[in-house]
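Going by my numbering, the first residue of the sequence shown is number 180, and it counts up by one from there. First the structure, in the form of structure tokens, and then the observations on it.
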Amino acid sequence: MAPNATETTSLVKGNNEEAENMKKLKAYQPWAFFVTFGGYFMAHFSRKCYSTVKQQLQETAGYSPLILSEMDTVFMGTYAAGNIISGKLGDTFNPTTVLAIGLFGSGICLFLINISLWFDFLSFSLTLGNFFIIAVYFLFGFFQSTGGPVGTAVMGNWFCDKKSIESRGLIFGLWTCHQYCGDITAALCTAFVLGAGFDYTWAILIPALTNFAWGFLTMKLIADPADIGIITPEVAIRLEKLKAKQATQGSHIVDEGPAPITYAAALQIPMVAQYAF
């Protein structure tokens with residue numbers, strides 16, 4: 180009788196522990212959503228604010244159409260490459276740290292652009308001024324790229340339970356609204372700055388400051404439920420797979436999520452080809 184009682188007690192204890200972990204997971208999900216949403220929101224907010232003052236940059240700061248187009252080109256190039264690099268960095272290092280560095284770096288780049296405007300670098304030397312602006316935007320693209328791949332990975336870590344997976348389309352559909360919210364806020368911010376009679380550089384300084392603020396907030400984000408002992412069945416399966424892989428390939432192996440699919444497989448997914456081309 181005693182063995183059966185012990186077995187029943189262990190089963191009840193296991194069920195209670197599983198229920199408690201699920202409760203903790205569900206309690207933290209809104210915070211993970213909020214912080215990662217805000218981080219990517221800041222990315223769109225900061226890059227769109229620059230776009231909304233292009234006219235002032237030309238008329239007041241003396242930026243030529245060529246330098247403006249070069250800024251966009253360099254940014255998109257490093258942003259595209261940065262998405263791959265940032266994704267790998269998020270797999271190798273603490274994702275929260277990678278996200279925070281991206282926000283701090285973006286804030287610094289925008290602040291440097293403001294410094295170049297305040298001190299009119301182009302008046303000292305057109306060549307050196309243009310080089311400085313392009314160099315800053317070269318780095319800006321890399322820092323901006325952290326939000327997408329790393330933020331998505333953190334969201335995947337937290338929204339891993341069965342109910343979340345069933346509603347993943349809705350959850351990530353809401354989450355990806357960060358782009359539109361950031362763009363709209365940038366337009367409203369610039370409209371307020373110019374409408375209130377403030378110098379247009381405030382439209383670039385405000386997102387710089389908010390990026391810094393959100394960077395400090397992001398540093399407190401927990402990237403993975405396993406980091407604080409929340410082990411749901413889904414998390415346990417992921418950790419067991421990682422442990423097995425480390426046993427055969429070495430302890431340096433990190434959790435990189437599911438294996439990537441090929442381009443051919445991606446194009447077989449409904450609607451992908453339509454949006455790709």
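Ideal Cβ positions, reconstructed from N, Cα and C, are used throughout, including at glycine.
>> Once the 5 residues before and after F254 are set aside, which same chain residues still bring their CB inside 7 Å of it?
In response: Y316, F319 and G320
>> Can you tell me whether L400 is buried or exposed? The criterion is at least 16 other CB atoms within 10 Å of its CB, across all chains shown.
In response: buried
> From N293 to T364, what does the alpha carbon distance come to, in whole angstroms?
Replying inline: 20 Å
> Skipping 5 residues on each side, what residues in its chain have a beta carbon closer than 6 Å to that of W381?
Replying inline: V372
> Which same chain residues, not among the five before or five after N194, have their C-beta less than 8 Å away from its C-beta?
Replying inline: none
>> To the nearest angstrom, how far is the alpha carbon of D406 from that of L349?
In response: 26 Å
> Using 8 Å as the Cβ pair cut-off and three pairs as the minimum, do the segment 196-206 and the segment 403-419 touch?
Replying inline: yes
> Out of Q208, Y219, Y207 and A198, which has the shortest C-alpha to C-alpha gap to W393?
Replying inline: Y219
> M398 by DSSP, collapsed to three states: which one?
Replying inline: coil
> Do P386 and F216 come within 8 Å of each other at the CB atom, strictly closer than that value?
Replying inline: no
> CB P328 to CB G374, shorter than 8 Å?
Replying inline: no
> Where does the unbroken alpha helix (DSSP H) through F321 begin, and where does it stop?
Replying inline: L305 to Q323
>> By the three-class DSSP mapping on this structure, what secondary structure does G281 have?
In response: helix
> Are the beta-carbon atoms of I312 and I246 separated by less than 8 Å?
Replying inline: yes
>> Across the segment 409-425 and the segment 334-343, are there enough close Cβ pairs to call them in contact, namely three or more that are closer than 8 Å?
In response: yes
> Between the Cα of C356 and the Cα atoms of Y207, Q208, F303 and F213, which residue gives the shortest distance?
Replying inline: F213
> By a C-beta neighbour count over all protein chains shown, 10 Å radius and 16 as the cutoff for buried, is M180 buried or exposed?
Replying inline: With a pLDDT of 47 at M180, under the threshold of 50, the modelled position of that residue is not reliable, and the figure given next carries that caveat. Result: exposed.
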